[in-house]
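A short write-up of the structure that comes next.
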Amino acid sequence: MSSAFWQFQTISFFNKTHSERWFLMDFAVISTVLSALTEGFMQTLKLFFITLLGALPLGLIISFGSMNRFAPLRYLCKTLVWIIRGTPLMLQLIIIFYIPGYLFEGGNPWPSGESGRFLAACTAFILNYACYFSEIYRGGIEGVPVGQQEAGQVLGLTKSQVFFKITLLQMIKRILPPISNEVITLVKDTSIARIISMQELIWAGYSFLKGSHGYSGLIWPLFFTGVYYLLFSGLLTILFGKLEKKLSYFK
Amino acid sequence: MSILTVKDIYKNFGRNEILKGISFDMQAGEVLSILGSSGSGKTTLLRCLNFLEKADAGQVYVDDALIFDAKTDKKMTARELRSKQLNFGLVFQNFNLFPQYTAMENVCLAPQLLARENPEYKTHHKEMIEKIREDAASLLERVGLSDKKDFYPSQLSGGQQQRVSIARALALAPKVLFFDEPTSALDPELTGEILNVIRSLAEKDMTMVIVTHEIEFAKNVSDTILFMDKGVVAEQGPAVELIENPKNERTRAFLQSFKR
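From first to last, the protein sequence lines stand for chains A and B.
By the working numbering, the letter at position 183 of the first sequence is numbered 183, and the numbering carries on one by one without gaps.
Heads up: take any position in the second sequence, counting from 1, add 1000, and you land on the working numbering.
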């Protein structure tokens, strides 16, 4: 059978016999699916990296806030962390995407289309992950013996020199395992952005079931998205392993 | 002229009065040992003098110039605090070396960061850093560790780590060097190497304040001994005399407990 035949078929996965289901994969289908999935994966990657870029530093700021001597700031940060960690990311995403539309007279302030969905997703993911990171940072900073800061202080180092020259690297070494855990979770959490129809990897896979690119009823592209997640998280695991090894020169 | 004068230092933590008016003064090149049982306030005194704790009352003078007054210095700026801190060096009981730096880097870190504030740093930083490294190398040689300068703290024994930390404190050329029980975290065999380093510093007329439990050492190396009890100076006097002929009842009881 020619591939052209399949191109114009809109067939349901469910009313095929077992052997016919496997024939739904031929080269033209595969290349169409792969390019669509890769496009979705690019959107996933973009969300992943922008979330890290925003949440890693924002988490540090929140952790400083939750360790601050000024009580109102400390409670504000702790409340934020409590709310964000206490509710599902999916719900936060929905609220951040839809609520502004109710609040502003002129309608939804998010840009229209995919760019608006992407921006809303970035906002929700950065806020969510920053709160988790902040708690990891706090543990890491508090885990560095206080004697280290005191030694820096009696040697005349400023507070910021103590942090950047003494505490920071020891903290990074301590937090690397829990951070790598969170980062790998983030790879898969990006799929939650589908709830506001952001066109990430799962969305791309699912589109072949609903009908897209001239196909519908194809379920294997959805299964195949797993390969992307697996390969990418595998790569990250290797990377974090290398980082941990690099910092193993001191105790 | 006194190099260090401490007047009426008071410190409490909540209702717990730790220091109840400590005063002493020291001449340049003098070695003062502070003895006393646990909880007598020795470590708190050292921490107050090094600004790790803020004394509630009292004054500290260096070269007869007031550098700290609890009344007015409750709110020092960070910059003021640092310039005052640099009069003193402190060697900790548990070393507190920076684990991510080699012995050499531990000694060089503070002088290098300080040099950056020098206006000549921009034009002469190569020479300045070269000089800091040379000085650090000679300090490490002085404490007998020139062959260990590229080792990380975790690769060194406790005694070696403590010697690095002494070199690190010396690198900033403090006017007075404080030791907070420098041998208490060490095996008896390693204690000797630290005491030898301190002895050699005393011979070079380094002004030092040593909190210690090594009675014999204190007697041999120090000029003066100060015996603290429950936050006050119970007795103070020339080292040999105080150990051999204690006048205060508490001092006698304390020294007696070591002879048993």
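Note that CB positions come from ideal geometry on N, CA and C, so glycine has one too.
Just so it is clear, the structure is predicted and the values come from calculations on it, not from any experiment.
Sheet register partners of residue i (DSSP bridge)
i, result
"proline 57 of chain A", "Answer is none; proline 57 of chain A lacks a bridge partner."
"proline 1238 of chain B", "B/Thr1224"
"tyrosine 215 of chain A", "A/Ser212"
"glycine 1089 of chain B", "B/Leu1177"
"methionine 1208 of chain B", "B/Val1031, B/Leu1177"
"glutamate 1017 of chain B", "B/Asn1012"
"phenylalanine 1068 of chain B", "B/Val1060"
"methionine 1026 of chain B", "B/Leu1004"
"aspartate 1147 of chain B", "According to DSSP, aspartate 1147 of chain B bridges with nothing at all."
"valine 1233 of chain B", "B/Met1228"
For residue i, the first and last residue of its enclosing beta strand (DSSP E)
i, result
"valine 1006 of chain B", "1004-1013"
"leucine 1113 of chain B", "Looking at the DSSP string, leucine 1113 of chain B is not in any beta strand (DSSP E); the run it does join, the alpha helix (DSSP H), is 1103-1115."
For residue i, the first and last residue of its enclosing alpha helix (DSSP H)
i, result
"tyrosine 75 of chain A", "71-86"
"tyrosine 1061 of chain B", "Tyrosine 1061 of chain B -> not in any alpha helix (DSSP H); beta strand (DSSP E) instead, spanning 1057-1062."
"aspartate 189 of chain A", "168-189"
"isoleucine 94 of chain A", "89-103"
"methionine 198 of chain A", "Premise fails: methionine 198 of chain A is in no alpha helix (DSSP H) and is neither H nor E."
"alanine 1253 of chain B", "1249-1259"
"threonine 237 of chain A", "220-246"
"lysine 1075 of chain B", "Lysine 1075 of chain B -> no alpha helix (DSSP H), and no H or E assigned at all."
"glutamate 1203 of chain B", "1188-1203"
"serine 1138 of chain B", "1121-1142"
"phenylalanine 164 of chain A", "From DSSP, phenylalanine 164 of chain A is part of no alpha helix (DSSP H); its letter is neither H nor E."
"threonine 1044 of chain B", "1042-1049"
"glutamate 135 of chain A", "114-143"
"glutamine 1162 of chain B", "1158-1170"
"alanine 151 of chain A", "146-154"
Residue-level contact to chain A via CB, residue i, 8 angstroms cutoff
i, result
"alanine 1078 of chain B", "yes"
"arginine 1082 of chain B", "yes"
"leucine 1226 of chain B", "no"
"alanine 1185 of chain B", "no"
"lysine 1172 of chain B", "In the sequence as presented, lysine is not what sits at residue 1172 of chain B; that position holds leucine. Cβ-Cβ to chain A under 8 angstroms: yes for leucine 1172 of chain B."
"leucine 1114 of chain B", "yes"
"alanine 1137 of chain B", "no"
"lysine 1131 of chain B", "no"
"alanine 1110 of chain B", "yes"
"proline 1086 of chain B", "Per the sequence shown, residue 1086 of chain B should be read as leucine rather than proline. At least one chain A Cβ lies under 8 angstroms of leucine 1086 of chain B."
CB contact below 8 angstroms: residue i versus chain B
i, result
"glycine 147 of chain A", "yes"
"phenylalanine 250 of chain A", "yes"
"glutamate 142 of chain A", "no"
"glutamate 244 of chain A", "no"
"glutamate 150 of chain A", "yes"
"phenylalanine 70 of chain A", "no"
"tryptophan 6 of chain A", "In this prediction, tryptophan 6 of chain A scores a pLDDT of 46, lower than 50, which makes its location untrustworthy; the coordinate-derived value is nonetheless stated afterwards. No, no contact with chain B."
Handout entry: Interfacial residues, the stretch 1036-1054 of chain B to chain A, with Cβ spacing under 9 angstroms
Key = Arg1047, Asn1050, Phe1051, Leu1052
Exercise for the section: Name, going along the chain, the residues of the stretch 1147-1164 of chain B whose beta-carbon falls closer than 7 angstroms to a beta-carbon of chain A. Expected result: Tyr1152, Ser1154
Exercise for the section: Select from the stretch 1090-1103 of chain B all residues with a C-beta closer than 7 angstroms to any C-beta belonging to chain A, and list them in chain order. Expected result: Leu1090, Phe1092, Asn1094, Asn1096, Phe1098, Pro1099, Gln1100
Problem - Touch test, the stretch 1063-1073 of chain B against the stretch 1108-1116 of chain B, Cβ-Cβ under 8 angstroms, three pairs minimum - result: no
Handout entry: Contacting positions in the stretch 152-180 of chain A - beta carbon closer than 9 angstroms to chain B
Key = Gly152, Gln153, Val154, Leu155, Gly156, Leu157, Thr158, Lys159, Gln161, Lys165, Ile166, Leu169, Gln170, Lys173
Exercise for the section: Kindly confirm or deny that the stretch 77-97 of chain A and the stretch 121-133 of chain A touch, where touching means at least three C-beta pairs closer than 8 angstroms. Expected result: yes
Exercise for the section: Report yes or no: do the stretch 1160-1170 of chain B and the stretch 1091-1109 of chain B share at least 3 C-beta pairs separated by less than 8 angstroms? Expected result: yes
Exercise for the section: State whether the stretch 1007-1014 of chain B contacts the stretch 1201-1211 of chain B, with contact taken as three or more CB pairs (one from each stretch) at a distance under 8 angstroms. Expected result: no
Practice task
Evaluate the contact criterion for the stretch 202-219 of chain A versus the stretch 174-188 of chain A: three or more CB pairs, one atom per stretch, below 8 angstroms.
Solution key: no
Practice task
Answer yes if the stretch 1239-1248 of chain B comes into contact with the stretch 1213-1229 of chain B, meaning at least three C-beta pairs across the two stretches below 8 angstroms, and no otherwise.
Solution key: yes
Practice task
Please determine if the stretch 190-209 of chain A and the stretch 218-228 of chain A are in contact, where contact requires at least 3 C-beta pairs separated by less than 8 angstroms.
Solution key: yes
Problem - the stretch 67-80 of chain A touching the stretch 144-154 of chain A, judged by at least three CB pairs closer than 8 angstroms - result: no
Practice task
Inspect the CB distances between the stretch 51-60 of chain A and the stretch 152-166 of chain A and report whether three or more fall short of 8 angstroms.
Solution key: no
Exercise for the section: Determine, using beta-carbon pairs with one atom in the stretch 193-200 of chain A and one in the stretch 93-113 of chain A, whether at least three such pairs fall under 8 angstroms. Expected result: yes
Exercise for the section: Could you tell me whether the stretch 1026-1045 of chain B touches the stretch 1136-1154 of chain B, using the rule of 3 or more Cβ pairs below 8 angstroms? Expected result: no
Handout entry: Three CB pairs or more closer than 8 angstroms across the stretch 241-250 of chain A and the stretch 1139-1151 of chain B
Key = no
Practice task
Say whether the stretch 1093-1100 of chain B touches the stretch 1151-1163 of chain B, bearing in mind that this needs 3 or more beta-carbon pairs closer than 8 angstroms, one atom from each stretch.
Solution key: yes
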